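Visitor: In the numbering used here, the protein residues as written are 25 to 445.
Cβ atoms here follow ideal geometry from the backbone N, Cα and C, with glycine treated the same way.
Model, not experiment: these values are computed from the prediction.
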Ligand code: GDP
Ligand code: IMO
Ligand code: MG
């Protein structure tokens, strides 16, 4: 039994990439189990910033196997570009990257369909990253999609054309007219590149290695509040971002799972549309965005910012079975006079600690508890004993509310900026 899971507990961008990179030396395999190039995981390699979209965040550790699991949707074009990016650091993806045969492919018309669908929604758009995620997962559950294993089939092009024709009819119905022929050219070049990579029977690959004692860290993408079943539907992504997604996305049994490491920012952000009860549309929100450099790693969009939401985090801890927390971006709060923590929602005059099944049709008024800010630069601190008392009180309260310990505090974007608590 040796699969640990690391995933985001909010609306994504919690700092998963940095934390996976930090933990990677303790594991033999880092495996992505869901999502696709909508993810943007930032890490620093020898002081250089790298953003990964498709490749697991263990890629910079030479002895770590990186697996793209069957639950992922894979854009060959992004993968190829990313492989070139990591090659500049002397990493050859043909050596330590493995891809499951069952992984679904994102084709150019999936991206076009994503765009057409969002345009048709107007004001009520999801705010998708437009990477083709929704349409690719629709083709998976609709049983039409192409998989990585199909690349080796001599009929691949015929299968592709059949799917494209189906998509074209849908695009016509949306009135979508953009010329995407250059996307197709890139796609076929990238497919040639993918044929050089190690494609494996993923579920046997991972289970064999687990049986032989390998330690696996499953790397989540997005966040629990973007989960297709338990997130803020319909403003979610199209996969199961929660720990249950590890079983379906890698083919490992639930008994294999040991620690579930939940990553949360010390505050909260969201990119794209949808409910966000603790959002701050004021100077404080602006300050969080500025100090935290809160701009999307995939799309560059400004992230919406607000206070930490314990009601939503409590749901995330419950449905994931979180056993330990990592709190990131604690340093971003260094300069704030007062901090707020949301403990309850008031909906139609009634207090609740439950996240309602839909959050758009009724006003949700967050109820806050205030904490004095610590007003100390924590970015250079190395141990828990050095942390300001006011910060300890803030974290202690979060521990108690959630009933899960904060085990690590990240105090800067660098690999070594992390404190064991
Ligand atoms: P992910 O999608 O969860 O991997 O997160 P992103 O990479 O999209 O966004 C997190 C951002 O915060 C990145 O720019 C990281 O470099 C940065 N970051 C991560 N941890 C910390 C931290 O503890 N403090 C600060 N200031 N920045 C951090
Ligand atoms: P990482 O892994 C933050 C958001 C989009 C949009 C919604 C649906 O970096 O944390 P999609 O492209 O999946 O159709 O978009 O989900 N979203 C993310 N937000 N971080 C991400 O990934 C995200 N991936 C998707 O902004 O609101
Ligand atoms: Mg991100």
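Using a 10 Å radius around the Cβ and a threshold of 16 neighbouring Cβ atoms, would you call residue 143 buried or exposed?
Guide: When all chains shown are included, residue 143 counts as exposed.
Visitor: If the criterion is Cβ atoms closer than 8 Å, does the pair residue 100 and residue 129 meet it?
Guide: In contact: residue 100 and residue 129 (Cβ atoms closer than 8 Å).
Visitor: Considering Cα atoms alone, identify which of 407, 300, 89 and 413 is closest to residue 17.
Guide: Missing from the structure shown is residue 17; the chain here goes from 25 to 445 and no further.
Visitor: Could you have a look at residue 193 and say whether DSSP puts it in helix, strand or coil?
Guide: The answer is helix: DSSP assigns residue 193 an H, G or I state.
Visitor: With a threshold of 16 other CB atoms inside 10 Å of the CB of residue 277, please say whether the residue is buried or exposed.
Guide: Its Cβ having fewer than 16 others within 10 Å, residue 277 is exposed.
Visitor: Mind listing, in chain order, the residues whose beta carbon lies closer than 5 Å to a non-hydrogen atom of the ligand MG?
Guide: Residues flagged by the Cβ proximity filter: 37, 64 and 321.
Visitor: What is the DSSP secondary structure of residue 443, counted as helix, strand or coil?
Guide: Strand at residue 443.
Visitor: Indicate whether residue 67 and residue 106 have their beta-carbon atoms separated by less than 8 Å.
Guide: No; because the gap between Cβ atoms is not below 8 Å, this pair is not in contact.
Visitor: Could you tell me the boundaries of the beta strand (DSSP E) in which residue 434 lies?
Guide: 430–434 is the extent of the beta strand (DSSP E) around residue 434.
Visitor: If you measure between the beta carbons of residue 46 and residue 131, is that distance less than 8 Å?
Guide: Taking 8 Å as the Cβ cut-off, residue 46 and residue 131 do not qualify as a contacting pair.
Visitor: What are the boundary residues of the beta strand (DSSP E) that residue 21 is part of?
Guide: The structure shown does not extend to residue 21, since the chain is modelled only from 25 to 445, so the question has no answer here.
Visitor: Judging by CA-CA distance, which residue of 374, 72, 381 and 120 is the nearest neighbour of residue 87?
Guide: Nearest option by C-alpha distance: 120.
Visitor: When you compare only the Cα positions, how much space is there between residue 248 and residue 233?
Guide: If I take the Cα positions, the gap works out to 28 Å.
Visitor: Looking at residue 59 and residue 446, is the spacing between their C-beta atoms short of 8 Å?
Guide: Past the boundaries of the shown model lies residue 446; the chain is included only from 25 to 445, so the question cannot be answered.
Visitor: Closer than 7 Å: is that where the CB of residue 290 sits relative to any heavy atom of the ligand IMO?
Guide: Checking the Cβ of residue 290 against the ligand IMO gives no.
Visitor: Within this structure, are the beta carbons of residue 55 and residue 240 separated by less than 8 Å?
Guide: Cβ distance < 8 Å, so residue 55 and residue 240 count as in contact.
Visitor: Does the distance from the CB of residue 123 to the CB of residue 79 come in under 8 Å?
Guide: Contact: no.
Visitor: Kindly identify the DSSP beta-bridge partner or partners of residue 409.
Guide: None; residue 409 has no bridge partner.
Visitor: Does the region 286–300 touch the region 317–332, meaning 3 or more C-beta pairs lie closer than 8 Å?
Guide: Judged by Cβ distances under 8 Å, the region 317–332 makes contact with the region 286–300, as three or more pairs qualify.
Visitor: Quick one: is residue 446 buried, meaning 16 or more other Cβ sit within 10 Å of its Cβ, or exposed?
Guide: Look at the range of the chain in this structure, 25 to 445, and you will see that residue 446 is not part of it.
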